[in-house]
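Q: Sending over a structure as structure tokens; questions will come in a sec.
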């Protein structure tokens, strides 16, 4: 009987402490979108990606031109020249695909540049959120951006403006 009473009391204490935890949410896209350095970094990344994409498209256009020229001449070319041209086309295509992977691949130049430009800003936002949550006693802060789904959120738990104040960002309405 004492065990049941003790277990019930313990369960009651734990459930009451769970209700006293504070929760809040932010929208990281909204916050980042209001940081001028983040917008500038995104513009720089977009420009860089567009330039690299144009370069790669030029390479593939050149390869396509080489192939079309080869198709026209292939009938009249001797075997050794035909093989040599085929190898040149294949090599050019492999080089173009390698450049594409180098620029846009998983650990490519664009990823590295994004890490260089955007990560420090994201870290600054995360540190502001963490400091605010600790100062105000929040147990959890959810991010509504991305794949997180919150069906309902009372606006009194919206921490976006508080985090932006902590970051020194003034939103103009």
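Numbering (our numbering), first residue to last: 505 to 677.
The beta carbon of each residue, even a glycine, is placed where N, CA and C say it ideally should be.
Quick caveat: nothing in here was measured; it's all calculated off a predicted structure.
In chain order, what residues of the same chain have a beta carbon less than 7 Å from the beta carbon of residue 564, not counting five sequence neighbours either side?
A: Here residue 564 is taken as the residue at index 60 of the chain shown, counted from 1. Hits under 7 Å: 600.
Q: Using three-state DSSP, classify residue 676 as helix, strand or coil.
A: By 1-based counting over the chain shown, the position of residue 676 is 172. In this structure, residue 676 counts as coil in the three-state DSSP scheme.
Q: Count the C-beta pairs between the stretch 528–547 and the stretch 618–632 that are closer than 8 Å, then say yes if the count reaches three, no if not.
A: At 8 Å Cβ cutoff, the stretches touch.
Q: Pick from 618, 673 and 529: whose alpha carbon is nearest that of residue 549?
A: Here residue 549 refers to the residue found at position 45 of the chain shown. Answer by Cα proximity: 618.
Q: Does the structure place the stretch 580–597 close enough to the stretch 629–648 that three or more beta carbon pairs sit under 8 Å?
A: Contact between the stretch 629–648 and the stretch 580–597 is absent, because fewer than three Cβ pairs lie under 8 Å.
Q: By DSSP, does residue 613 sit in helix, in strand, or in coil?
A: For the purposes of this step, residue 613 is taken as the residue at position 109 of the chain shown. It is helical.
Q: Please report the straight-line C-alpha distance between residue 667 and residue 626, rounded to a whole angstrom.
A: Reading the chain shown from its first residue, position 163 is the one you call residue 667. Reading the chain shown from its first residue, position 122 is the one you call residue 626. Rounded to the nearest angstrom, the two C-alpha atoms are 13 Å apart.
Q: Of all the CB atoms in chain C, is at least one closer than 7 Å to the CB of residue 623?
A: Absent here is chain C; the protein component of the structure consists of one chain.
Q: Under 8 Å: do the stretch 635–654 and the stretch 524–539 share three or more Cβ pairs, one atom per stretch?
A: Flag = yes, the stretch 635–654 and the stretch 524–539 touch.
Q: Taking the C-alpha atoms as reference points, what is the distance between residue 460 and residue 610?
A: This structure leaves residue 460 out entirely; the chain is present only between 505 and 677.
Q: Could you give the distance in angstroms between the alpha-carbon of residue 672 and the alpha-carbon of residue 651?
A: For the purposes of this step, residue 672 is identified with residue 168 of the chain shown, where counting begins at 1. For the purposes of this step, residue 651 is identified with residue 147 of the chain shown, where counting begins at 1. Going from the Cα of residue 672 to the Cα of residue 651 covers about 27 Å.
Q: Among 606, 598 and 554, which one has its Cα closest to the Cα of residue 568?
A: As a first step, residue 568 is located in the chain shown; it is residue number 64 there, counting from the start. Looking at the Cα atoms, 598 is the closest of the given residues.
Q: Starting from residue 643, follow the alpha helix (DSSP H) in both directions and report where the run begins and ends.
A: Within the chain shown, residue 643 is the residue found at index 139, counting from 1. Per DSSP, residue 643 belongs to no alpha helix (DSSP H); it is in the beta strand (DSSP E), 642–647.
Q: Just to confirm, are residue 531 and residue 637 a CB contact at a threshold of 7 Å?
A: Here residue 531 is taken as the residue at index 27 of the chain shown, counted from 1. Here residue 637 is taken as the residue at index 133 of the chain shown, counted from 1. No, Cβ-Cβ distance for residue 531 and residue 637 is not below 7 Å.
Q: Which of the three DSSP states is assigned to residue 537 in this structure?
A: Residue 537 sits at position 33 when you count from the first residue of the chain shown. Residue 537: helix per DSSP, three-state reduction.
Q: Relative to the C-alpha of residue 588, which residue among 570, 603, 558 and 635 is closest?
A: The residue given as residue 588 occupies position 84 in the chain shown. The shortest Cα separation from residue 588 among 570, 603, 558 and 635 belongs to 570.
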